[in-house]
Every structure is written in C-alpha cells, then in structure tokens.
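Below: one structure, written as structure tokens.
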Amino acid sequence: MNLKNSITDVPGIQVGQAEDPAALTGCSVVLCRDGATGGVSQRGGAPGTRETDLLRPMHAVEKVHAVMLAGGSAYGLDAAGGVMQYLEEQKIGFNTGVALVPIVPGAILFDLAIGSPKIRPDKAMGYQACLNASTEKPAEGNHGAGCGATVGKIMGMGQAMKCGIGTSSLEVVPGVFIGALVAVNAFGDVVDYKSNRIVAGVRSLTKGPLKVGKAGFFADSLEMMRSKLGRLALSFASRQNTVIGVIAANADLDKEAANKFADAASNGIALAVRPAFTMLDGDTVFSLATGRKQVDINLLCAFAPYVYAEAILNAALNAAPAGGLPSASAISL
2 MNLKNSITDV PGIQVGQAED PAALTGCSVV LCRDGATGGV SQRGGAPGTR ETDLLRPMHA
62 VEKVHAVMLA GGSAYGLDAA GGVMQYLEEQ KIGFNTGVAL VPIVPGAILF DLAIGSPKIR
122 PDKAMGYQAC LNASTEKPAE GNHGAGCGAT VGKIMGMGQA MKCGIGTSSL EVVPGVFIGA
182 LVAVNAFGDV VDYKSNRIVA GVRSLTKGPL KVGKAGFFAD SLEMMRSKLG RLALSFASRQ
242 NTVIGVIAAN ADLDKEAANK FADAASNGIA LAVRPAFTML DGDTVFSLAT GRKQVDINLL
302 CAFAPYVYAE AILNAALNAA PAGGLPSASA ISL
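Numbering of the sequence shown is given in my numbering, commencing with residue 2 and proceeding in unit increments.
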C-alpha cells in the first residue's frame, strides 16, 4: 500500500471539506460509513463540542458514523446537522427502531476574528463537506476547519500567524495504520518537535522586516509568558483558541481503549504546541477505531502522539498567508 501521509490511509475512513475562502471559515468531516468505536480526550479549558459524553465508557452508544470539525465558534456546531442529513439519506445511523440516527460528535474553533465574523459554517456547508468526501488525501493548510485558523495570539491578532489543517499517517506494523487530521488554532506556537524550532507563532514586536532564523522573528510564547508584558497580555487574553482533530486506526478497540487512544494522541499537542492545554484553549481529540485489526493498545498509544504532532506540523507548514497574517510557507525557514 502506497501511503499518502493522510488519515485516509486508515481503511474505512473518508474526509470531506468545505470552506468560504473570503470569509475565512470552513468545516471538515471525517466519515466512517460502517461505524467506528469512538473516544475523546478533552484537555483544554475552553472547549466547544457536541456528543462527547456518549463517547465515554459506561454509555450505551458504541459506534459513531462521523466526526465534524468546524470554525465559526459555537455557531459552527450547526454544520453537524448537515452531516446528519447526509448520513440519514445514505441510510447510515444508529437504529432506534423507528428511525436511523447518525452519531456525529464534533468540535469547533474560534475564527471569527479573521475574515467575516458574520459568516460561519452551517448545515449547508456540513452537507457539502460530506458530498466532497473521499479516500483521497485532504487538502492541507487553509482548507476545511483550518481555513481561518491562526496561532501565536498572546499579543493579539496583530502579532499572530496563519495556520490551518494538517494530516499524517504511519504504518506502525504491517497492515496496521494510524492517521490524524488536525485543525490548529492554538494560543501558543507550533514547534517542530524534532528540531525544537518554532515554525509558526507569535511574531516579535520588533519593527522592520526580519527573516526566520534571525534573532527576534518569533517572540516565543513561553518566554513572553515569563515577561511582565506577556503576563499583562494573559490577563486580557480571550478564549479564542483550540487544537481540534481526529486520530484513527484500523484497530478493534472497545470504548475504554478508544478513549485511551485519544488521550495518548493528545500528547502530540504537547509535543508540537507550546504552551498546550491552557485555560485559553479548547484542545479536543476524537479517536476512531474502524475495527479491522486486533492490535495491542500499547502499540497504538506509543505512536499516536507522533502521528498527531506530525499533522499539527503539517497544518502550519502548508498554511498560506490570509487575513493580513503571514504563514510559515511564505517566510524563509
């Protein structure tokens, strides 16, 4: 199998995306038409989610049929209605005896401060994303839920950078695949965890053109938080940030293991985003197990953080400038 470095390398997974590039918002849908065991890890302090409780152990529903990721803040949760409509038309859902009810957990990110705050993902956009779904590698950067994503916001949008959505995959042992899809709208900086180098984040307050690699291009969110200016900025910082995404594997997991898989993947946020899991972020990871392979959960948990971190890095490296903000792809690394 030729890997595409995409979550769609996981058998049973499709991705569809739709966006409004003028309004800088969009949504991404991960479809699992045959159903998948779902889990969730919600570690950020400012989440916007739906249908997360049913993913936890000791709850009745075992399978989910899609995960929806969207911009638009809480308004963007409306996009899940379009996903449900599409799945119902395809006769996919939980059989209640009187109707099929598609199970569609989701999470949103705040992108109202870039583009148009009056245009948000809605039911029509969610439906269109489903129509666009395929097993092809989804577009990265300014697409889907990453269309209006930004990072490095400790000093406000004026010093932030454009980010987006990214994907990755890994064949951990022959025939066992892990894949991730992540929309990166973090309060902090995106870091190449392999080189410890910031690739997108809060820009220096120093005036004048600077190149990445020269001292001062990045202010470094962690260092800013230690300064008087940064601590003052924290007191005014808004809860307009989050990293939301999906980790998937063609594994046969129960709900307890699926939740452990999601929790392990969320460690990839700590690898690639600094700081991570603040009260200003709504970091949420969904997991999907398509149930095709018997796999030791320890194997999945060992590699999930790196697959997730790689998707975060790809989100930053593939983003294009937008809304007056630069991106990693447009500056000299």
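Note that the Cβ used here is the ideal one computed from N, Cα and C, for glycine as well.
The model shown is predicted, which means the values in this text are computed figures rather than measured ones.
If we ignore side chains and look at the alpha-carbon of each, how far apart do residue i and residue j end up?
i: T243; j: D35; result: 29 Å
i: M162; j: R275; result: 14 Å
i: G40; j: G107; result: 12 Å
i: A146; j: M59; result: 31 Å
i: Q129; j: V30; result: 10 Å
i: M69; j: N197; result: 31 Å
i: L314; j: T279; result: 19 Å
i: S42; j: I104; result: 17 Å
i: C302; j: A277; result: 19 Å
Can a CB atom of chain C be found closer than 8 Å to the CB of residue i?
i: Y194; result: In the structure shown, chain C does not exist; there is a single protein chain.
Do residue j and residue i count as a contact pair if the criterion is CB distance below 8 Å?
i: P139; j: L182; result: yes
i: G77; j: I109; result: yes
i: G49; j: V84; result: no
i: M226; j: I155; result: yes
i: L1; j: A47; result: Given a span of 2 to 334 for the chain in the structure shown, any question on residue 1 remains unanswerable.
i: A184; j: I120; result: no
i: E63; j: T38; result: yes
i: G116; j: G325; result: no
i: A273; j: F262; result: no
i: F218; j: V203; result: no
i: V286; j: A266; result: yes
i: A290; j: D264; result: no
Taking its Cβ as the centre, do 16 or more other Cβ atoms sit within 10 Å of residue i, making it buried, or is it exposed?
i: T151; result: buried
i: D54; result: exposed
i: E224; result: exposed
Report all residues from its chain with a CB closer than 7 Å to the CB of residue i; omit the five preceding and five following residues, and keep chain order.
i: D123; result: D79 and A80
i: A341; result: One cannot answer for residue 341 here, as it falls past the ends of the chain, which runs 2 to 334.
i: P322; result: K163, S328 and A331
i: G209; result: Residue placement at G209 is flagged as unreliable, the pLDDT there being 43, under the threshold of 50; a coordinate-derived value is accordingly withheld.
i: V173; result: I179, L300 and F304
Leaving out the 5 sequence neighbours to the left and right, which residues in its chain are closer than 6 Å to residue i when beta-carbon positions are compared?
i: G82; result: K124
i: A317; result: C164, V191, V200, A201 and A329
i: D255; result: none
i: C148; result: E20, L25, T26 and G27
i: A312; result: G167, T168, S169, A181 and V183
If I measure Cβ to Cβ from residue i and keep anything under 8 Å in the same chain, skipping five residues before and after, which residues do I get?
i: A216; result: With a pLDDT of only 48 at A216, under 50, the local geometry of the prediction cannot be trusted, and the value read off the model is given with reservation. No residues qualify anywhere along the chain.
i: A134; result: Q15, V16, G17, V30 and L32
**Study point:** Sufficient close CB pairs (3 or more, under 8 Å) joining the segment 83 to 97 to the segment 292 to 307
**Key:** no
Review point. Between the segment 11 to 31 and the segment 170 to 188, do three or more beta carbon pairs fall short of 8 Å?
Key: yes
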